[in-house]
Structures are given as C-alpha cells and as structure tokens.
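Following: one structure in structure tokens, then a few remarks.
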Amino acid sequence: MGFVYWLLAAASLAATTNAASSSSRHLFENTNIQRTVELGGSLTHVTTTIAVKALGHGGPNVYELALSELEHQRTALLEVKLKGGAQNLAVEKHGFDPTSNAYLYTVELPPLAQNATATLVVNSILAHASKAYPASIKQADPQCLLFTTEAYVLSPYKTLTERTKIRLPSPKVLSYSAPEALSNYAPEGSKEQARGIRSGAVITYGPFDDLPPTTGKFFAKEDQQLLSVHYEYETPVLSVVSLDRWAEISHWGDNLNIQDNVHIRNDGPELKGHFSRLEMQQAKYFNKVQHQVLTHIPLQLPPGIHTPYYYDSIGNVTTSRYRASPKVPGKKRPMPSFLEIRPRYPLLGGWNYTYTLGWDAPLGDSAKYDSKTGKYVIGVPFMTPITGAAVDEASVTIVFPEGAENVEVFPPFDVDSTSRFTHVTYLDTIGRPAVVLRSSKLTDQHTGVIYATYTVPVRAHLAKPLAVGTAMFGFFLLAAFFRRVDLRIGSTKSKRS
Numbered sequence: 022m023g024f025v026y027w028l029l030a031a032a033s034l035a036a037t038t039n040a041a042s043s044s045s046r047h048l049f050e051n052t053n054i055q056r057t058v059e060l061g062g063s064l065t066h067v068t069t070t071i072a073v074k075a076l077g078h079g080g081p082n083v084y085e086l087a088l089s090e091l092e093h094q095r096t097a098l099l100e101v102k103l104k105g106g107a108q109n110l111a112v113e114k115h116g117f118d119p120t121s122n123a124y125l126y127t128v129e130l131p132p133l134a135q136n137a138t139a140t141l142v143v144n145s146i147l148a149h150a151s152k153a154y155p156a157s158i159k160q161a162d163p164q165c166l167l168f169t170t171e172a173y174v175l176s177p178y179k180t181l182t183e184r185t186k187i188r189l190p191s192p193k194v195l196s197y198s199a200p201e202a203l204s205n206y207a208p209e210g211s212k213e214q215a216r217g218i219r220s221g222a223v224i225t226y227g228p229f230d231d232l233p234p235t236t237g238k239f240f241a242k243e244d245q246q247l248l249s250v251h252y253e254y255e256t257p258v259l260s261v262v263s264l265d266r267w268a269e270i271s272h273w274g275d276n277l278n279i280q281d282n283v284h285i286r287n288d289g290p291e292l293k294g295h296f297s298r299l300e301m302q303q304a305k306y307f308n309k310v311q312h313q314v315l316t317h318i319p320l321q322l323p324p325g326i327h328t329p330y331y332y333d334s335i336g337n338v339t340t341s342r343y344r345a346s347p348k349v350p351g352k353k354r355p356m357p358s359f360l361e362i363r364p365r366y367p368l369l370g371g372w373n374y375t376y377t378l379g380w381d382a383p384l385g386d387s388a389k390y391d392s393k394t395g396k397y398v399i400g401v402p403f404m405t406p407i408t409g410a411a412v413d414e415a416s417v418t419i420v421f422p423e424g425a426e427n428v429e430v431f432p433p434f435d436v437d438s439t440s441r442f443t444h445v446t447y448l449d450t451i452g453r454p455a456v457v458l459r460s461s462k463l464t465d466q467h468t469g470v471i472y473a474t475y476t477v478p479v480r481a482h483l484a485k486p487l488a489v490g491t492a493m494f495g496f497f498l499l500a501a502f503f504r505r506v507d508l509r510i511g512s513t514k515s516k517r518s
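Residue numbers (my numbering): 22 to 518.
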C-alpha cells in the first residue's frame, strides 16, 4: 500500500513540475532574436542576442534556452550574460526534454515587471561544425568546407521577429541554400529576401515574423529548415585529438614542472594521391600558398618560465623557435614567452602529429601559503590553447608534494570526471597524492586556472631529508660491512703453512 502512495506522490510531483515549467513558458516572449554565426575551421562562434519581454508578474524569472540534437552534439561552450553586463549568468543544464524535443538550459533573470524587457547575449562555440567538402582533394586544390545549421533558433517562447547572419572568413562562397519554405514566416515584401541575401562575406536570412515556439517534434518536422553554406577556407583546419597535462609540485625544489603530451590532427580534406615535396617548394617559389598544409603551431607560454623543452617521438625538434620573455625593468611580472613548433613534416588533411612540450617555473609564481588556514594555494593553467583548434579530449594530472593532506581541487569549469591516485617516484616513502581532471569537447577559450588547496605537515617536510639520510647511512653501513668481510677462499695462515 505504501508503494502505491509513493507512486501517486511521484506522479503528482512530476505533473506539478511539468505544469510549473509549462506555465513559466507563458511568462515570456521574444520580441527580437538576432543570431550571428562566424564560420571558421574546427571552431564556429555563434552570438545570439535575445530581447525578452515579461508578460506576467510575480512568477519565476527563469528563462529557458533550447538546443536541438545537432546543436547539442556540437556545442563546446555556452555562456549567457545580460547585454552590457560583465559577469556571466549561471546556466543550469536539464538534459533532454521529450516534450520539447530539445536539450533545455535555464537562466535566472533579474526581477522584471510586467511588460519590462531584458536583453540576453548567448555566446556559444561549436566544435567540428564545418566538415571538409569534398572529403579529399589534390595537393594543389583549394580547401573547401561545408557548414549546416537550423534556420530558426530553437525557443519554447513565441518570437515576434528573428534574423540570422552568417559571416564567412572570406567572400569566396561556392554556394548557400535558400529553402522556399523560409518565406512562410517572412513579412509581405520580404519573402525573397528572407530566403537569404549575400553581401560580400555575409549571408543574411530573414526577417521572420510571428514565429510560434520552435521546439517540439511538430515544428521540427513541418517548419524547421536546414541551411548550408559551402565556402573556401584559407587556413589549416587544426584540432587537438588529445592533450594530457602533467603538473608536479616540488617544495624542496621550489619548482612547478608542467609537461604536455599533445596529439594534433589536420581535419581538412584528405590528400588524394601522393605528397610531393617538389610541388610544395614550387608553390612557395611562385607564392602560391597551399592553405590546407599546416607548417607551424604558434604557442604563447606562461610568463616567468625557464628551461623549456619540446620533442617528438624521434627526438628534439630543432626546427622550432623559442622566444623567451624579455625582462622589463620596473615590472615584477615578466611578459609571456612564445614558441613556434615546426613539425618535422608538413601536415596535410587527415595527417597526425604528436609532440611533448614542457617547462619549469618558480613555485612562488603560482603558489602561496595562507598562514591563517595553514593551507597552500596553487593555480595550475588547465591547458595551453592553440588558437582556433578544438580539443576533443583533455586531462590534467596534478601531483602534490609527498605527505600532502586535505587536498581540494577547484576547476574553472565543469569537468567530466575527477579521480585520485598515489604517485611514487625516487626517494618517496609513502608516495605523492595526485588528482586527475578529465574533460572533452573543449575550445581555445577554456583557458581557466585550476586552483587547489592542501596542507603539508611538518613530518612530511622532514620525510625527504630523513629518507635521503637513511639511504646514505645505510649505504655507508653496507660499504663498511663489506670492507670488513673477507670473501677469499681459505685463510692467510693456512696458505703460509
């Protein structure tokens, strides 16, 4: 009987939640939506400005954002702020909603009176939204990409007017779609314009007026349209397949060592036929740039580092160039350093390359001791970004000093998983605590700092010298023992007799 009551209570709660969600969707109206899509290589930037009008008063100021299955798979970064505001608003994920046929996110708005408006700016970055088309080309052929997206912005609210602009990296557009059905929501006199007008490197779709809620399976089947743009891209399409960062903290050495193992791939069209070094040199001589070929990777390294090293599976990459940060008189903090990694071979579409990059830095530049709490506070950069490159998988391992306790880690954004283990190296007795953070689908904007706090007892500070002293003392005892042991067969007296 109690189980039946529990089921009824759960059903009532679910119905109440759905009713509350449904009622909240009648509290807002989108008076204007302006979406701007900036096409690139492996990353696409989307800025959506939404003018929101409050229809009711006294209800919850929770605004819902919706993403389709296609957008959800691509979206690597989603940030929302009020227009003119500096701080991002808290965005809460709710997963897939079968009723809306979309992935829902909620944002809490400031209190709005009836008929008052607020303007939201939604910034998102899509990973691998543009695909190579054709998928394979000859070495001298131009590189072209194909981008697809929904014509209407998904929203559970009515929209009075909407427009989409697609900005391309260059005016070299091969084709773009203009679905006839887009004129269904276009005002009179603008039906042809709403299907898409190109002006230089910008394609504009809209305006679209009096749109109903664009979520739900019915709208997706009957009214939603797919837009496609086929364009030439004159930069290598670079992506990071995996990035594994290892950060090791040493109090005795007053040092923070960071090492990255990076696997990159050129996601441009694959090479059709064989690679010709002669053809590449001829193209350079005649100033004909082969845009799909990756020849170097520029990196900006943190300030104050020293003794950088970089190598691949063969050895040191001597073709790379490192420019140390100059020392500016009167400035406490040095300027960043720059490294230009030049792989041993040019990377064409579908080709891979792996390398290792590391450096040392004074521990005092990133770690401080809080005498009030007795804790050390350290900041470790999540990764060194490569401009314009999507990161498929990334992990950061932070190894703390031996004997560290009360370890807490605060990542700059939500990560997929966090795990711990004990790392044992030379002259360790109990090993060093280590924390591993793993995340996927990142961009060059995920450049935050991982902050960690920990304590180191006095006995832990003494563990290393005691271990070294014990080892040396044991070595001398062993040496003295063997000096006094006669390992010869027979005694000296028996030999003389």
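Ideal Cβ positions, reconstructed from N, Cα and C, are used throughout, including at glycine. Just so it is clear, the structure is predicted and the values come from calculations on it, not from any experiment.
Three-state secondary structure assigned by DSSP to residue i
| i | result |
| --- | --- |
| D333 | coil |
| L498 | helix |
| N278 | strand |
| M22 | The predicted position of M22 is uncertain, since its pLDDT is 40 and thus under 50; a value taken from the coordinates is nonetheless stated next. Of the three classes helix, strand and coil, the one that applies to M22 here is coil, per DSSP. |
| L384 | helix |
| F239 | helix |
| E255 | coil |
| L448 | coil |
| R505 | coil |
| T464 | coil |
| V477 | coil |
| V338 | coil |
| S43 | Here S43 scores only 48 on pLDDT, less than 50, and its place in the model is too uncertain to base an answer on. |
| V489 | helix |
| Y483 | In the sequence on display, residue 483 carries Leu and not Tyr. Helix at L483. |
| Y374 | strand |
| K74 | strand |
| S358 | strand |
| A345 | coil |
| A455 | strand |
| L48 | coil |
| F431 | strand |
| R441 | strand |
Rounded straight-line distance, which links the Cα of residue j to that of residue i
| i | j | result |
| --- | --- | --- |
| L369 | A455 | 38 Å |
| G116 | L88 | 10 Å |
| S42 | E100 | Here the model assigns S42 a pLDDT of 48, short of 50, so the residue's position is not dependable, and the following value carries that caveat. Approximately 22 Å between the Cα atoms of the pair. |
| F502 | I270 | 38 Å |
| A134 | S176 | 22 Å |
| L463 | E209 | 43 Å |
| V223 | S297 | 36 Å |
| V2 | F229 | Residue 2 lies beyond the residue range present for the chain, which begins at 22 and ends at 518; the question has no answer from this structure. |
| C165 | Y254 | 6 Å |
| Y343 | A484 | 38 Å |
| S460 | G395 | 31 Å |
| V398 | T70 | 39 Å |
| P474 | I285 | According to the sequence displayed, residue 474 carries Thr and not Pro. Taking the straight line from one Cα to the other gives about 32 Å. |
| D386 | P323 | 10 Å |
| Y178 | L167 | 30 Å |
| V489 | A500 | 16 Å |
| P402 | V470 | 4 Å |
| T408 | D244 | 37 Å |
| T256 | Q313 | 6 Å |
| P163 | V58 | 23 Å |
| E201 | R216 | 7 Å |
| W372 | G289 | 9 Å |
| E414 | S204 | 42 Å |
| P357 | G400 | 17 Å |
| G105 | K74 | 17 Å |
| L98 | E92 | 11 Å |
Residue i CB to nearest heavy atom of the ligand COA below 6 Å
| i | result |
| --- | --- |
| D465 | Although the ligand COA was asked about, the structure shown includes no ligands whatsoever. |
Presumed contact (8 Å Cβ cut-off) between residue i and residue j, rounded CB distance
| i | j | result |
| --- | --- | --- |
| V174 | V250 | V174 to V250, Cβ: 17 Å. No contact. |
| H66 | I146 | 6 Å |
| H467 | F431 | About 15 Å; that fails the 8 Å criterion. |
| L315 | L189 | Contact flag wrong, Cβ pair sits at about 21 Å. |
| L181 | V128 | About 20 Å; that fails the 8 Å criterion. |
| L384 | D275 | 5 Å |
| Y366 | V338 | Not really, about 11 Å apart at Cβ, beyond 8 Å. |
| V417 | A268 | 7 Å |
In the region 81-122, which residue ranges form an unbroken beta strand (DSSP E) of at least 3 residues, counting only runs that do not cross its ends? 83-88, 96-103 and 112-118
My parser needs the beta strand (DSSP E) runs of 3 or more residues fully inside the region 117-176; what are they? Taking only runs of at least 3 residues, the beta strand (DSSP E) segments lying wholly in the region 117-176 are 123-129, 138-148, 151-153 and 165-171.
Which runs of the beta strand (DSSP E) spanning at least 3 residues fall entirely within the region 181-229, listed in chain order? 194-197 and 218-220
Using a Cβ distance threshold of 8 Å, determine whether the region 288-302 contacts the region 147-162, with at least three qualifying pairs required. yes
Is the region 254-264 close to the region 228-245, with three or more CB pairs under 8 Å? no
Would the region 380-393 and the region 436-455 be scored as touching if the rule is three or more Cβ pairs under 8 Å? no
Entirely enclosed alpha helix (DSSP H) segments - the region 293-326, minimum 4 residues: 298-306
Let me know the beta strand (DSSP E) ranges lying completely inside the region 388-412, each 3 residues or longer, listed in chain order. 388-391 and 396-402
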